[in-house]
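Visitor: Position in the sequence shown (from 1) plus 221 gives the number in this note's numbering.
The C-beta atom is built at its ideal place from N, Cα and C for all residues, glycine as well.
Computed from a prediction, not measured in an experiment: that's the story for all the values here.
Handing you a structure now.
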Amino acid sequence: MNVKYYTGRSLAEAIGRAKRDYGSDIILLDSKEIRNEMDGSKLVQVSISVDEKNGRVKSWRPPSVNKPKEIPTAKKEVETREDFNQVISNILARR
């Protein structure tokens with residue numbers, strides 16, 4: 222990873238300078254306010270990262286997800302009161 226530092230009177234100006242040199246594929250790592258040592262004015266310093274090979278960041282696309290054609294549903298079996306009574310009767314009859 223190659224880290225570069227840019228300053229400007231505002232965050233937009235500092236990022237604009239970085240984009241002018243490396244294009245819009247920069248990665249913003251950090252930003253902070255600093256004081257100009259000469260006149261004491263406030264500046265914004267940004268640290269950016271760029272790809273070391275060609276100064277550009279590889280484009281990224283999210284992975285594609287294949288959605289299932291049908292969403293399986295659980296079969297819901299409802300026991301009726303008669304079924305329950307029959308099960309209990311069978312259990313009691315075994316004794």
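For residue 310, which three-state DSSP category applies?
Guide: helix
Visitor: Per DSSP, what are the beta-bridge partners of residue 257 in this structure?
Guide: Per DSSP, none; premise fails for residue 257.
Visitor: Any contact of the segment 261-272 with the segment 282-290, i.e. 3+ C-beta pairs under 8 Å?
Guide: no
Visitor: Looking at residue 244: is its Cβ nearer than 9 Å to the Cβ of residue 237?
Guide: No. Outside cutoff.
Visitor: Would you identify the three-state DSSP class for residue 248, choosing helix, strand or coil?
Guide: strand
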